[in-house]
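Protein chains in written order, with my numbering: chain A, 1 to 417; chain B, 418 to 710; chain C, 711 to 976. Backbone N, C-alpha and C fix where the C-beta goes; we use that ideal spot for every residue, glycine too.
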Amino acid sequence: MNQTVWKKRYSFYLSLLVLLVALGLLFWLEVNKSNYGMAVSVIQKSLVFSVVAVSMNLLNGFTGMFSLGQAGFMAIGAYTTAILTIPLSRVDGVYYMKGVAPWLKGVKTTLSVLPEPLLIVFALLIGGMIAGIFAFFIGIPVLRLKSDYLAIATLGFSEIVRAVISSPQLDRVTNGSYGLKNIPGFGVTQAGGVLPVGAGSLLIPFFFALTTIAFIVLVINSSYGRAFKAIREDEVAAEAMGINLLKHKQLAFVISSVITAMAGGMLAMYMRSIEARAFSVTLTYDILLIVVIGGLGSVSGSVLGAFVVTFAKDWFLRFFDSPLVIGGFQVPFLRMGFRMVVFSILLMIVVLFYRRGLMGSSEFSWKGIFRWIRRKKEGVETTKGEMIDYPDPPPAKPAPLIPDPPGAPQEGGRDER
Amino acid sequence: MSFVTFIQHCLTGVSLGGAYALIAIGYSMVYGILLLINFAHADIFMMAGYFMIFSVSSFPWQISIPIVILGTVVLGVLIEKAAYMPLRSAPRMSIMISAIGVSYLLQNLATYLFSALPQAYPAIPPLKRQIRIGEVSASLVTFLTPVLTIILVFLLIFLLRKTKIGMAMRAVSKDYDTSKLMGIKINSIISLTFVIGSALAAVGSILYFTDRMSVTPFSGVLPGLKCFVAAVLGGIGSVPGAVIGGFLIGLSETFLVALGYSTFSDAFTFLLLILILLFRPTGLMGEDLQDKV
Amino acid sequence: MQFGGVVALNNLTMRIDPGEIVALIGPNGAGKTTAFNAITGVYPPTNGFVELEGKIIQQGFPKGKMKRLYAGENAGKYTKSLSLTPDRITKKGVARTFQNIRLFKNLTVFENVLIAHHTNMKAGVFQAAFGMNRKEEEDMRKRSWELLEMVDLSDVGLEKADNLPYGKQRHLEIARALATKPRLLLLDEPAAGMNPQETQEMGDFIRDIRERFSLTILIIEHHMNLVMDISDRIYVLDFGRQIAEGTPAEIQKNPEVIAAYLGVEQ
């Protein structure tokens, strides 16, 4: 029997090929932008959400920390980027109610010497840095909490961020609840005639997504990534093997929040105008559902999930929202809002019946596909690792339903179940 | 602030606190038994608001109130059976994700069915009647709420302490696995928990929305988060704790708004949450824990 | 070591010399695993201290009113308490296995051992991510495979740890603990659930690793044959109190031990 062996270079060349094809496709779409506006927009959004999904997966799927603070970090990144990149000429128009704070205007004037692309990158990085600093300090107390409590603490943090951003006190910086507009988009605006206006609107977010996700993958594949997985599997054992829990959880938390914030900045550029209301808990839920659909613990799953969900929500399912008449007969149910109901139901089906999502916790691999094809062809039994289920974090012990009278034996309680 | 105004605010605060308490109990009980943060509880509360709007258009309010309570209970139990029961043996995060999914579904369903625009909440004549005690005046419902809350809580505690079913509930909450082995019908107990929680949420919604003008699909979000904080504050899993937490949150929110810090009143609640989690995560009524390895 | 009103360990004093194999035995619930937990920093002792090679690694003393009642001979030592987290204690050279096996279930056998090398790795997160610590990685991987060879698990290296049979899981836990380069190894019931032949092999294995890695070993066990066979000295606990100490021969003849634990002559 002659069995072909899968060499590592096959995977490398195949990936390279796919990358080139993708780049070519994006380039072609860019050039033909006007005809495919919808596709461009959906792809942009998918790219941004795939970054957020991967960074949320790093925290929730790989390190096992149930954090619901993503929206807050995205808000930090979005607002920082917006504040720094709104063109100086438009600033007064944006802050029409109370006027922009003088020191901010001064900062922007200083920064305006930078060409726009550089300014944008700078703004994204600053946003990430600020988020990272917050994450670091918040992490110190909060990361010691048991998993359930971590979820609500991060949720609370996210809401506090939102409240602070929209508070009247910060009106002159964040424009309070009025929102910010005139945020530059992805395409270049001033290119000195070399490139057409709007060039790069797909390639730039693609490049951003590629670099940030690649960084996260590198971390996951390093020894630190393994340490994260150990923490997810069994905290007590990980600690006994010399892994400092606080330090590593902080590491995961900070990395995740920095990248989430940068993606928030990208989201601001996608939406062109933002308001604090958009960064509510619902946004975090959206991302969580993407991660679950893609598969907790799978980077390729998160990317896939982001694309599938965004395409479905913003494209395929659109037809559910408009009334449809077939042969003089009005199809029931179809009207505004039905799309989201369908989406929610599909989500529940995934959560209930396909808990592991599209990819489970395996990654996409050429080798895997090769083996699968071969198995189908020859009926060869290969030992494939099982789909991994998400392990149980230790439960937080709840208070008694009603307190026992003093003197009652304190016993039992729930062991890990 | 004059004394009268102070009393007025106390009254409002206690009334709001009562509604919060009733909702917070739902969170606490479900967590105590299933170790689940029922994110959908807030949206059940919201749906109860809509149930009232639609029921009142067909029936007089005297009949509507029981209909609403019944409808909410049915909804709560349905959710438990469809979305939580199948996942009982799954890792705990799955069931929390399911709760989030249900919350999402309810909000989208409400938007689809009733549109995102605010719908006017019906005025129930006797409840809206203005009562005046000395210098302080408010609608009857404001006076009624804390009283009703206390009564219901006493009934609940009586149920838990003195009845066999109550004992069963406490047993399940203390040690799930052993309770199963002892022959306690787990499914019935869990359903009962949701029945009680949903019924109280329905009552809470009537008391809450009567003084507000309208309901939107997202009316439950902020109160839900606050009531959850209230439950944690009191010690999640504990009924008296949830009640104390509810009143505390209601009072602090009212006074913050009165003192002019309304934008921060929500942020304050979450700050309170974080402080509690840091310094006494088991809440006011909780016990100190130590794990055995 | 006191938990609320329960005194789990009451005046346990142990001394272990380098290179020894010391056993801690006693009926169930006597407090043996609690002792392990106190030593490795899972909980700091309520009253007492742990010293490793001359340096204190854990220290706890009663405060306030409790001082007078419980301080006993430590009465003079009211300086600070010291409570190192388990990972710091592991870094100082103390490793352990668990009574109820705590492997990283969903990770592969190989990864379980590889992860235990992380604590001694010098590279920071950026260096590791960008591959600048290639030599370190290679060394860690090589050493992991060697450890797996030693416990006869190299052929199942890529299997999910959870899929291993029970006996092999225990071996894996030991290999994993060894990967942290300990000087003191705490084994919590390594032979639990094994048949006599496996137990015998485990005994040989323990002696073998003591030689090979210059270890000092503290072992909790219920298999008396194993205990008597490999231990240099034995401590006996009953209800948290230390009731005997000595060589295997002495312990076997000790009437209190026989009464509390060994029961009818084997």
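In this structure, how does DSSP classify residue i when only helix, strand and coil are distinguished?
i, result
"residue 869(C)", "coil"
"residue 182(A)", "coil"
"residue 798(C)", "helix"
"residue 653(C)", "Only positions 711 to 976 of chain C appear in the structure, and residue 653(C) is not among them; the question remains open."
"residue 889(C)", "coil"
"residue 752(C)", "coil"
"residue 367(A)", "helix"
"residue 538(B)", "coil"
"residue 518(B)", "helix"
"residue 809(C)", "coil"
"residue 201(A)", "coil"
"residue 100(A)", "coil"
"residue 914(C)", "helix"
"residue 631(B)", "strand"
"residue 804(C)", "strand"
Here's the rule: buried if 16 or more other CB atoms are within 10 angstroms of the residue's CB, otherwise exposed. What is residue i?
i, result
"residue 132(A)", "buried"
"residue 54(A)", "buried"
"residue 241(A)", "buried"
"residue 604(B)", "exposed"
"residue 907(C)", "exposed"
"residue 437(B)", "buried"
"residue 414(B)", "Since the first residue of chain B shown is 418 and the last is 710, residue 414(B) is not available in this structure."
"residue 536(B)", "buried"
"residue 301(A)", "buried"
"residue 899(C)", "buried"
"residue 625(B)", "buried"
"residue 420(B)", "exposed"
"residue 806(C)", "buried"
"residue 712(B)", "Residue coverage of chain B in this structure runs from 418 to 710, which leaves residue 712(B) outside it and unanswerable."
"residue 115(A)", "exposed"
"residue 175(A)", "buried"
"residue 879(C)", "buried"
"residue 287(A)", "buried"
"residue 948(C)", "buried"
Since residue i is in the beta strand (DSSP E), which residue starts that stretch and which ends it?
i, result
"residue 732(C)", "731 to 735"
"residue 767(C)", "765 to 770"
"residue 334(A)", "Taken as a continuous stretch (DSSP letters only), residue 334(A) belongs to no beta strand (DSSP E), as it is neither H nor E."
"residue 683(B)", "No beta strand (DSSP E) contains residue 683(B), which is instead part of the alpha helix (DSSP H) from 679 to 696."
"residue 897(C)", "894 to 898"
In the DSSP assignment, find the alpha helix (DSSP H) that holds residue i and state where it starts and stops.
i, result
"residue 710(C)", "Examination of residue 710(C) is not possible in this model, given that chain C is present from 711 through 976 alone."
"residue 287(A)", "281 to 294"
"residue 148(A)", "147 to 165"
"residue 849(C)", "844 to 860"
"residue 504(B)", "No alpha helix (DSSP H) holds residue 504(B); DSSP gives it neither H nor E."
"residue 249(A)", "245 to 271"
"residue 671(B)", "656 to 675"
"residue 600(B)", "No alpha helix (DSSP H) contains residue 600(B), which DSSP labels as neither H nor E."
"residue 36(A)", "Neither: residue 36(A) is in no alpha helix (DSSP H) and is coded neither H nor E."
"residue 312(A)", "299 to 314"
"residue 490(B)", "478 to 496"
"residue 129(A)", "116 to 142"
Could you tell me which residues DSSP pairs with residue i in its beta bridges?
i, result
"residue 720(C)", "951(C)"
"residue 962(C)", "Per DSSP, none; premise fails for residue 962(C)."
"residue 945(C)", "734(C), 955(C)"
"residue 549(B)", "554(B)"
"residue 818(C)", "870(C)"
"residue 674(C)", "Nothing can be reported for residue 674(C): it is not among the residues displayed for chain C, which extend from 711 to 976."
"residue 968(C)", "Per DSSP, none; premise fails for residue 968(C)."
"residue 274(A)", "180(A)"
(request) Entirely within the stretch 208 to 238 of chain A and at least 4 residues each: give me those alpha helix (DSSP H) ranges in chain order. (result) Listed in chain order, the complete alpha helix (DSSP H) runs (minimum 4 residues) inside the stretch 208 to 238 of chain A are 223 to 233.
(request) Output the residue ranges of the alpha helix (DSSP H) runs that lie fully inside the stretch 552 to 593 of chain B and measure 4 residues or longer, sorted by chain position. (result) If we require 4 residues or more, the alpha helix (DSSP H) runs fully inside the stretch 552 to 593 of chain B come out as 557 to 579, 581 to 591.
(message) List, from N- to C-terminal side, the beta strand (DSSP E) runs of 3 residues or more that fit wholly inside the stretch 65 to 91 of chain A.
(response) Residue ranges of uninterrupted beta strand (DSSP E) with 3 or more members are absent from the stretch 65 to 91 of chain A; none lies entirely inside it.
(request) Give, in chain order, every unbroken run of the alpha helix (DSSP H) that is at least 4 residues long and sits entirely within the stretch 420 to 454 of chain B. (result) If we require 4 residues or more, the alpha helix (DSSP H) runs fully inside the stretch 420 to 454 of chain B come out as 420 to 451.
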